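Following: one structure in structure tokens, then a few remarks.
2 protein chains.
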Amino acid sequence: MTPRGRPRDTEVDERVLRIAAALIFERGYAGLSIDEVAEQAGVAKTTLYRRWPTKDHLAVAVVARLQADHEITETGDIRADLVDNLDKIAAALNRMRAAGGRESPSAGVAGELVAAAARHEDIGRLAREQYAARNALGLALIERARVRGELRADVDAEALFDQLAGALYYRVLITGAPVDRAYAERLVASALEGSLACQ
Amino acid sequence: MTPRGRPRDTEVDERVLRIAAALIFERGYAGLSIDEVAEQAGVAKTTLYRRWPTKDHLAVAVVARLQADHEITETGDIRADLVDNLDKIAAALNRMRAAGGRESPSAGVAGELVAAAARHEDIGRLAREQYAARNALGLALIERARVRGELRADVDAEALFDQLAGALYYRVLITGAPVDRAYAERLVASALEGSLACQ
DNA sequence: CCGAATACGAAACTGATGTTGCGTAATTCT
DNA sequence: AGAATTACGCAACATCAGTTTCGTATTCGG
Numbered sequence: 014m015t016p017r018g019r020p021r022d023t024e025v026d027e028r029v030l031r032i033a034a035a036l037i038f039e040r041g042y043a044g045l046s047i048d049e050v051a052e053q054a055g056v057a058k059t060t061l062y063r064r065w066p067t068k069d070h071l072a073v074a075v076v077a078r079l080q081a082d083h084e085i086t087e088t089g090d091i092r093a094d095l096v097d098n099l100d101k102i103a104a105a106l107n108r109m110r111a112a113g114g115r116e117s118p119s120a121g122v123a124g125e126l127v128a129a130a131a132r133h134e135d136i137g138r139l140a141r142e143q144y145a146a147r148n149a150l151g152l153a154l155i156e157r158a159r160v161r162g163e164l165r166a167d168v169d170a171e172a173l174f175d176q177l178a179g180a181l182y183y184r185v186l187i188t189g190a191p192v193d194r195a196y197a198e199r200l201v202a203s204a205l206e207g208s209l210a211c212q
Numbered sequence: 014m015t016p017r018g019r020p021r022d023t024e025v026d027e028r029v030l031r032i033a034a035a036l037i038f039e040r041g042y043a044g045l046s047i048d049e050v051a052e053q054a055g056v057a058k059t060t061l062y063r064r065w066p067t068k069d070h071l072a073v074a075v076v077a078r079l080q081a082d083h084e085i086t087e088t089g090d091i092r093a094d095l096v097d098n099l100d101k102i103a104a105a106l107n108r109m110r111a112a113g114g115r116e117s118p119s120a121g122v123a124g125e126l127v128a129a130a131a132r133h134e135d136i137g138r139l140a141r142e143q144y145a146a147r148n149a150l151g152l153a154l155i156e157r158a159r160v161r162g163e164l165r166a167d168v169d170a171e172a173l174f175d176q177l178a179g180a181l182y183y184r185v186l187i188t189g190a191p192v193d194r195a196y197a198e199r200l201v202a203s204a205l206e207g208s209l210a211c212q
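Chains as they are written, first to last, in our numbering: chain A, 14 to 212; chain B, 14 to 212.
Written out as structure tokens, the structure reads:
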């Protein structure tokens, strides 16, 4: 059960992640240099590569540690619950967007992480699992509201959640528009109430 | 008016973009090597860098040439018009997703382009202008439907369009889910009809 | 025709990611 | 105690993006 050879120095992981986080949030993804991290952490580069096979993997580990997965809150009012959850997603996106001291319209580190997921099959798989789990929570929230009678019986929960979360990502990654709680409220209102004229 | 010195060889642009397109769609973004493109095009590397200052710029130029901007169609039925436009956006996304022969859930080249826009201020600005123009078309479409009385007088056009386009990007870039015309129809139905139970 | 301006090619160079090989240290199993 | 196994540090290396330098070619303006 215990591994055979010399055990890894767990302090190294801690130190490296802390230093890498400082660099990435101060200078952005491009300013994160493996050699510099290794030097500042006082370890050999090979020690880093034994833990994180690429710079992308290290960056993902850094950001993952800072994004404590938010617990879902449920008041029983679907509108308030959706706004709350979207606001938490927006906060996480804004944290990544701010990294590197870029001006507001840039996607910042968030854009690099999308590319990292596209480049490395394992990162992509892991990320999709995380998103699937979060999606499942949102879908369950919607489903319970449907059962309560707050939502239409034939509501398309998947489309609804994609619309809400997708709009946030769209603005951060694509159009560069800001996302905040006020926008989350507009989104939820628009999605729940629909756009058709009263028939 | 005519530039002073020796004019650029326009055939070079043509040849380079063709070769780069072949490489990027065959081997993906990582398989696109500047040295190899220069060699295959029979030009010096400096000649490439005079035209495209980074590999990202070259890749953007390659993809931009293949994405003939779609003209908007308008039948007067907002539901059909929205589905049609979303389907065109989805088609463009699927083209980029397919590049590099990756398996379906990967964002493919689309993910790299998001990162390119985040890395380079000029690419980001250009991309945002393109998206702003496309968004304006969508907003105008919605506004005309509102004036016609198809949509609510107080419809939030911006939120509505973000919800629709955003869901497509969300699936391609983030969750890896497929986007096709059937999904576009679900999205439009969900957004237009709303999710609240009839009050 | 001559000079300024720009494009092109060739080669060397810089800096960063990621790899490889080897000697040494720490831990476990027998 | 000794062998197997794994971690670590060090240094060299390969690869690729991007830069620099310099000599040559092409065009325009005077």
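Each residue gets a CB set at the ideal place from its N, CA and C atoms; glycine is no exception. These figures come from a predicted structure and were not determined experimentally.
Straight-line Cα distance separating residue j from residue i
i: A197 (chain A); j: I155 (chain A); result: 16 Å
i: A104 (chain A); j: I32 (chain B); result: 42 Å
i: E52 (chain B); j: K58 (chain B); result: 8 Å
i: D82 (chain A); j: V185 (chain A); result: 19 Å
i: L205 (chain B); j: L164 (chain B); result: 8 Å
i: A166 (chain A); j: D94 (chain A); result: 19 Å
i: Y42 (chain B); j: D48 (chain B); result: 14 Å
i: L45 (chain B); j: E134 (chain A); result: 18 Å
i: D22 (chain A); j: A72 (chain B); result: 41 Å
i: D90 (chain A); j: A145 (chain B); result: 34 Å
i: L152 (chain A); j: T86 (chain A); result: 13 Å
i: A172 (chain A); j: R138 (chain B); result: 30 Å
i: N107 (chain B); j: V192 (chain B); result: 8 Å
i: R19 (chain A); j: V25 (chain A); result: 14 Å
i: I102 (chain A); j: G179 (chain B); result: 15 Å
i: L181 (chain B); j: A120 (chain B); result: 12 Å
i: G162 (chain A); j: V168 (chain A); result: 11 Å
i: A195 (chain B); j: R92 (chain B); result: 13 Å
i: T67 (chain A); j: L200 (chain A); result: 38 Å
i: D69 (chain A); j: T88 (chain B); result: 46 Å
i: P16 (chain B); j: A112 (chain A); result: 42 Å
i: L61 (chain A); j: N98 (chain B); result: 47 Å
i: V75 (chain B); j: V122 (chain B); result: 11 Å
i: V50 (chain B); j: V160 (chain B); result: 52 Å
i: Q80 (chain A); j: M14 (chain B); result: 55 Å
i: D100 (chain B); j: C211 (chain A); result: 27 Å
Terminal residues of the alpha helix (DSSP H) in which residue i lies
i: D26 (chain B); result: T23 to R40
i: T59 (chain A); result: K58 to R64
i: G121 (chain B); result: G121 (chain B) -> no alpha helix (DSSP H), and no H or E assigned at all.
i: L95 (chain B); result: I91 to A111
i: A72 (chain B); result: K68 to L79
i: A43 (chain B); result: Per DSSP, A43 (chain B) belongs to no alpha helix (DSSP H) and is neither H nor E.
Proximity to residue i [Cα-Cα], best of the options
i: N148 (chain A); options: B:A93, B:W65, B:Y183 and B:R132; result: B:Y183
i: R110 (chain B); options: A:R132, A:G18, A:P16 and A:A190; result: A:R132
i: G207 (chain B); options: A:A180, A:H70 and A:Q176; result: A:Q176
i: R64 (chain A); options: A:A120, A:T86 and A:V29; result: A:V29
i: A170 (chain B); options: B:A180, B:L99 and B:A158; result: B:A158
i: A202 (chain A); options: B:A120, B:L209, B:R141 and B:P191; result: B:L209
i: I136 (chain B); options: A:P66, A:I187, A:R17 and A:V76; result: A:I187
i: E27 (chain B); options: B:G55, B:M14 and B:R17; result: B:G55
i: V96 (chain B); options: B:M14, B:F174 and B:G189; result: B:F174
i: A77 (chain B); options: B:V50, B:A140, B:V160 and B:L150; result: B:A140
i: A130 (chain B); options: A:L79, A:E142 and A:G189; result: A:G189
i: P118 (chain A); options: B:E142, B:P118 and B:E84; result: B:E142
i: L150 (chain A); options: A:L79, A:M14 and A:E84; result: A:E84
Inset, instruction - Identify every run of the alpha helix (DSSP H) within the stretch 144–203 of chain B, keeping only runs that are complete inside it and at least 4 residues long; order them along the chain. - result: Scanning the stretch 144–203 of chain B from its first residue to its last, the whole alpha helix (DSSP H) runs of 4-plus residues come out as 170–182.
Legend entry - Segment contact, 8 Å Cβ cut-off, at least three pairs: the stretch 118–135 of chain B with the stretch 29–38 of chain A: Flag = no, the stretch 118–135 of chain B and the stretch 29–38 of chain A do not touch.
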